[in-house]
Amino acid sequence: MSLKSIKNKIRSVQKTKQVTKAMESVSAVKMRKSQKAALDTRHYAMHAFNILKRVSGSIDGKGHFFMEERDVKKTCLFVITSDKGLAGSLNSAVIKSIVREMAKNGLNKDNSGFILIGRKGYEYFSKRGYKIERYYEKLGDDAPIDLLKDASDLMAKLYENKEYDKFDIFYTDFISTTEQEAISRTVLPIKYEEVKKTIDGILPKTGKYSKVRDLKIENTEDVKLYLFEPGAKEILKELLPFLLNIQVYYSFLEAKASEHSARMVAMKNASDKADELSRDLKLIFNKARQAAITKEISEITGGIEAMVK
Amino acid sequence: MFLLTIAKINETLFSDMVRSVNCPGSEGEMTILQDHIPLITTLKKGEVRVKLDGEKTETFQIEKGILEISKREVIILL
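Protein chains in written order, with my numbering: chain A, 1 to 309; chain B, 1001 to 1078.
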């Protein structure tokens, strides 16, 4: 390799490093933002959950068809992936977990449907001919309330019309900056345990926000003191769509935080690799330069020797 | 005076000590003062009027919501 081409290569590696370094920093900021958004509104989720506990503590049975389990004939999968790549194994992990789950539950094109957020998931499932109920992309980083509400309303409608008997949501749970896990939760029919898990899962295990443990889900012994207007069933009917929306909202934020942290780690690796590469190239460059100088000197001295003789 | 919180899923609109709050309950307009009995109700489309300390008031337009009055605080989820 000529000196010039090595020099060019070093320059291009360093340019790439600048880009990956910038992407790393941007992702770090965005990750914090998504985490903060989830934490800031945790009160809301807690209150809604507490109301649910109070209301359903006062009525026998389930009270609303949103909470009743039916025989599962058709399942709808709600999948959250990212629009863009360069995020390590983030999206492939989600898709892999879906494929595994589908195989386990015997789901195929006839007894499943999809609601998709993010282009990566859409590309995968539309190419393979699965039924897509709805698809959202370019949702940005600030959770778009209207679109997420639209998604949860759609689920409620499909469930009410008995087009699907179960809704599972698949997304990446943010555990810590270096650890994300593709998980699934059943959002419809609504189950206490699943809602509670979602709310508890908002706090990451480590990092800046892991210490916020101020909120507790209250116990509900005083439920008999409560008055319900117009009645517990009517309240439940209003409340359950709230809870559905909450689950979609937090899953989206978790997925976003995971996406950014995965991208951050991927970009950090890329920057480190670029450093290593440019160090190696510099060594080659110096060796080549030295070799050229040595060669020139020996040519000159060889020339002189020849003239002297 | 009691603590009132009005919150949407993505933001808290109001959280402060108030003297009274007036809102469109499903069974008709209602005004909540301190030491109200625990109650959960749905809210209709309308206006929530909050009386703060002194003469100050604040109003919020709502489409629908859920109101919870517990011993400690009053919460409106929109």
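We put the CB at the ideal spot given by N, CA and C, even for glycine. All figures in this text were calculated on a predicted structure; none of them were measured in a lab.
Pairing A/Leu281 with A/Ala38 gives a Cβ-Cβ distance that is not under 8 Å. The three-state secondary structure of B/Ile1009, taken from DSSP, is coil. A direct Cα-to-Cα measurement between A/Ala262 and A/Gln180 gives close to 8 Å. For the region 34-54 of chain A, the beta-carbon criterion of a distance under 9 Å to any beta-carbon of chain B is satisfied by Ala37, Asp40, Thr41, His43, Tyr44, Ala45, His47, Ala48, Asn50, Ile51 and Arg54. When secondary structure is reduced to three states using DSSP, B/Met1001 falls in the coil class, being assigned neither helix nor strand. Against chain B, a Cβ distance below 9 Å from A/Tyr249 picks out Ile1009 and Asn1010. In the three-state reduction of the DSSP assignment, A/Gly57 falls in the helix class. At a beta-carbon threshold of 8 Å, none of the residues of chain A lie near B/Glu1063; the nearest stands roughly 11 Å away. Taking the Cα of A/Leu139 as reference, the smallest distance to any Cα among A/Ser126, A/Ala156, A/Gly118 and A/Tyr124 is reached at A/Gly118. Within the DSSP secondary-structure output, B/Gly1028 pairs in a beta bridge with B/Gly1025. Considering only A/Leu225, A/Gly113 and A/Val55, the residue with the shortest C-alpha distance to A/Lys233 is A/Val55. Taking the CA atoms as reference points, B/Ala1007 sits about 32 Å from A/Asp165. Note that the C-beta distance between A/Val79 and A/Phe114 is below 8 Å. Counting along the chain, the unbroken alpha helix (DSSP H) around A/Ala306 starts and ends at Ala232 to Val308. In the structure shown, A/Ser34 falls within a helical segment according to DSSP collapsed to helix, strand and coil. Interface annotation, B/Pro1024: not in contact with chain A, CB-CB separation never under 8 Å.
Taking 9 Å as the cut-off between beta carbons, the residues of the region 226-241 of chain A near chain B are Tyr226, Leu227, Phe228, Glu229, Pro230, Ala232, Glu234, Ile235, Lys237, Glu238 and Leu239, in sequence order. In the DSSP assignment, A/Phe125 falls within the unbroken alpha helix (DSSP H) covering Arg119 to Lys127. Looking at the DSSP output, B/Ile1069 bridges to B/Leu1039 and B/Val1074. A direct Cα-Cα distance of roughly 27 Å separates A/Ala103 from A/Lys84.
DSSP, read as helix, strand or coil, puts A/Tyr171 in strand. Put simply, the CB of A/Ile246 is near chain B, with a gap under 8 Å to one of its CB atoms. In the DSSP annotation of this structure, A/Ala156 is not part of any beta strand (DSSP E); the continuous alpha helix (DSSP H) holding it starts and ends at Ile145 to Glu160. Taking the CA atoms as reference points, A/Lys7 sits about 7 Å from A/Phe285. Rounded to whole angstroms, the separation of the alpha carbons of A/Thr177 and A/Asp168 is 25 Å. Counting the other CB atoms within 10 Å of its CB gives A/Asp173 a total of 16 or more, which places it among the buried residues. For A/Lys191, the closest alpha carbon among the candidates A/His47, A/Phe66 and A/Ser278 is that of A/Phe66. Within chain A, the C-beta atoms nearer than 9 Å to that of B/Glu1068 come from His47, Asn50, Ile51, Arg54 and Tyr226, in chain order. Residue pairing by DSSP places B/Arg1049 opposite B/Asn1022 and B/Thr1059 in a beta bridge. At least one C-beta of chain A is nearer than 8 Å to the C-beta of B/Ile1075. The CB of A/Ile145 comes closer than 8 Å to the CB of Lys1008, Ile1009 and Asn1010 in chain B, given here in chain order. In this structure, the CA atom of A/Leu154 is about 11 Å from the CA atom of A/Tyr135.
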